[in-house]
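A.B. asks:
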Amino acid sequence: MRREKTVGIIGFGNMGSAISEGLLFKEWRVYVYDRNKRKLREKKKYFVSPSTDHLIQYSPYIIIAVKPQDIPALLEEIKEGVLIHRPLVISIAAGVSIKFFEERLPKIKIIRVMPNLAAKKRESISFISPGRLVSLKDIEIAKEIFKCIGEVVLIKESFLDKVTAISGSGPGYVYYFMDTLYKSALSLGFSRIVAMRMVKKTFLGAITLIKDSREDFSLWIKKVASPGGTTQAALDFWKNCKLERLVRRGIKKAYLRARQLNLKKK
Ligand SMILES: NC(=O)c1ccc[n+]([C@@H]2O[C@H](COP(=O)([O-])OP(=O)(O)OC[C@H]3O[C@@H](n4cnc5c(N)ncnc54)[C@H](OP(=O)(O)O)[C@@H]3O)[C@@H](O)[C@H]2O)c1
4 MRREKTVGII
14 GFGNMGSAIS
24 EGLLFKEWRV
34 YVYDRNKRKL
44 REKKKYFVSP
54 STDHLIQYSP
64 YIIIAVKPQD
74 IPALLEEIKE
84 GVLIHRPLVI
94 SIAAGVSIKF
104 FEERLPKIKI
114 IRVMPNLAAK
124 KRESISFISP
134 GRLVSLKDIE
144 IAKEIFKCIG
154 EVVLIKESFL
164 DKVTAISGSG
174 PGYVYYFMDT
184 LYKSALSLGF
194 SRIVAMRMVK
204 KTFLGAITLI
214 KDSREDFSLW
224 IKKVASPGGT
234 TQAALDFWKN
244 CKLERLVRRG
254 IKKAYLRARQ
264 LNLKKK
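Note that this note's numbering has the sequence shown beginning at 4, numbered continuously upward.
Shown next, in the form of structure tokens:
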């Protein structure tokens, strides 16, 4: 196995394990390390590193997948190894800026990425922003790595908090709406099993329909909602309640929260 196709992942929780599955699927070699040894018990195809030092020694590309609050201590821990081995470091921590890494690890090659939880099914959309010392080749490698879990878009770092508010938090908003639909189905008398099947299949069907379309969502709404019909009755009611304004305000709250978290760490 070529060393170039080797990635080390620090933090083997929700995202770290999802990314490693995607990488293994595309036949990358993956080293993983987590301070919580229980998470690494049932490993099959990955190499489990005994320490961050070991992982950095064997991996030219390191993905940092620990919670934002754990980043400062982790950077202290890996500082020396990164200085010696000069890996490309990729952080997926929400709200931790490139500057934060560059100030703590001199000469670090850092790329910040914002994927989402759909990485678990290789259906993420990951936005990537390179640091000052990153080369075009490094960017290509980061793209290749994150293509293993879905689509990749290169973007300026200043947009990343906005990405967090839309596609980072987005699966949670979708589940919220699904949950509301599910509860409505229950109150109409459907059993839990039927209500759940109905909601899931409705979402899946709706997404499959538009997946390859370039038309605006508003045109798809028109295809479902005929004037005076059932869908239109619900949509008109929501319009009167100014639901769209509420949703947009919610997104803004998420964006401001991401910015606030970012500023706190500077
Ligand atoms: N979840 C999402 O939807 C999502 C989406 C986009 C980006 N992200 C970002 O992805 C990162 C990880 O999120 P997650 O949901 O995967 O978190 P998680 O499930 O809590 O996983 C993080 C893992 O890292 C371990 N860890 C913490 N500090 C460590 C250290 N110094 N060395 C080794 N392991 C360490 C944690 O151990 P303990 O259990 O002992 O704490 C935990 O097992 C976060 O920064 C988050 O902002 C998450």
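Every residue, glycine too, gets a C-beta built ideally from N, C-alpha and C.
May I ask you to report which of helix, strand or coil DSSP gives Ser100?
C.D. replies: Three-state result, Ser100: coil.
A.B. asks: Could you tell me whether the region 78-91 touches the region 26-38, using the rule of 3 or more Cβ pairs below 8 Å?
C.D. replies: No: fewer than three Cβ pairs fall under 8 Å.
A.B. asks: Could you give the first and the last residue of the continuous beta strand (DSSP E) run that contains Leu91?
C.D. replies: Leu91 to Ser94 is the extent of the beta strand (DSSP E) around Leu91.
A.B. asks: DSSP three-state call for Gly192: helix, strand or coil?
C.D. replies: In the structure shown, Gly192 sits in coil (DSSP, three-state: anything other than H, G, I, E or B).
A.B. asks: Should Tyr49 be counted as a contact of ligand 1 given a C-beta to heavy atom distance under 7 Å?
C.D. replies: Every heavy atom of ligand 1 is 7 Å or more from the Cβ of Tyr49, so no.
A.B. asks: Have a look at Pro109 and Ile59 and give me their C-alpha separation to the nearest angstrom.
C.D. replies: When rounded, the distance between both Cα atoms is 16 Å.
A.B. asks: Determine whether the beta carbon atoms of Ile114 and Asp141 lie at a separation below 8 Å.
C.D. replies: Yes, the Cβ-Cβ distance between Ile114 and Asp141 is below 8 Å.
A.B. asks: State the DSSP-derived secondary structure class of Tyr34, mapped to helix, strand or coil.
C.D. replies: If DSSP states are grouped into helix, strand and coil, Tyr34 belongs with the strands.
A.B. asks: On the CB-based measure, 16 or more other CB atoms within 10 Å of its CB, does Asn265 come out buried or exposed?
C.D. replies: When all chains shown are included, Asn265 counts as buried.
A.B. asks: Taking 6 Å as the limit between beta carbons, can you name the residues of its chain near Leu91, skipping five residues before and five after?
C.D. replies: Excluding positions up to five away in sequence, the list reads Tyr64, Lys112 and Asp141.
A.B. asks: Measure from the C-beta of Ser194 to each C-beta in chain D and report whether the shortest distance is under 8 Å.
C.D. replies: In the structure shown, chain D cannot be found, because there is only a single protein chain.
A.B. asks: Just to confirm my understanding: we take His88, look at its own chain, exclude 5 residues before and 5 after, and list those with CB closer than 7 Å. What are they?
C.D. replies: Once the five neighbours on either side are set aside, the close Cβ partners of His88 are Ile59 and Gln60.
A.B. asks: Of the residues Ile196, Ile22, Arg260 and Phe130, which one's Cα is nearest the Cα of Tyr49?
C.D. replies: Ranking the options by Cα distance to Tyr49, first place goes to Ile22.
A.B. asks: Mind checking whether Ile131 and Ala96 have CB atoms under 8 Å apart?
C.D. replies: No, these two residues do not count as a Cβ contact at 8 Å.
A.B. asks: When every heavy atom of ligand 1 is checked, does at least one fall within less than 7 Å of the C-beta of Ala261?
C.D. replies: It does not: the Cβ of Ala261 is nowhere closer than 7 Å to a heavy atom of ligand 1.
A.B. asks: Suppose the cutoff is 6 Å on Cβ atoms and the five residues either side in sequence are ignored; what does the same chain contact list for Ser94 look like?
C.D. replies: Taken in chain order, the residues that qualify are Ile67 and Arg115.
A.B. asks: List the whole-angstrom C-beta distance separating Ala198 from Tyr178, where the pair is believed to meet the contact cut-off of C-beta under 8 Å.
C.D. replies: About 15 Å; that fails the 8 Å criterion.
A.B. asks: How about Phe15: is its Cβ closer than 7 Å to a heavy atom in ligand 1?
C.D. replies: Yes.
A.B. asks: Taking 7 Å as the cut-off, is the C-beta of Tyr176 nearer than that to any heavy atom in ligand 1?
C.D. replies: For ligand 1, not one heavy atom lies less than 7 Å from the Cβ of Tyr176.
A.B. asks: Taking the alpha helix (DSSP H) that Phe240 belongs to, which residues open and close that run?
C.D. replies: Where Phe240 is concerned, the enclosing alpha helix (DSSP H) stretches over Thr233 to Asn243.
A.B. asks: May I ask whether a heavy atom of ligand 2 can be found less than 7 Å away from the beta carbon of Pro71?
C.D. replies: As presented, the structure is devoid of ligand 2, carrying ligand 1 as its sole ligands.
A.B. asks: Using the rule of at least 16 other Cβ atoms within 10 Å of the residue's Cβ for burial, across every protein chain shown, is Ala257 buried or exposed?
C.D. replies: Buried.
A.B. asks: Between the region 143-161 and the region 238-258, can you find at least three pairs of beta-carbon atoms closer than 8 Å?
C.D. replies: As far as the Cβ criterion goes, the region 238-258 does not touch the region 143-161, which means the pair count is below three.
A.B. asks: For Arg125, which of Arg195, Ser20, Gln235 and Ile224 has the nearest alpha-carbon?
C.D. replies: Checked all of Arg195, Ser20, Gln235 and Ile224; the closest Cα to Arg125 is Ser20.
A.B. asks: How many Å lie between Ile213 and Asp37 at the Cα?
C.D. replies: Those two C-alpha atoms are separated by around 39 Å.
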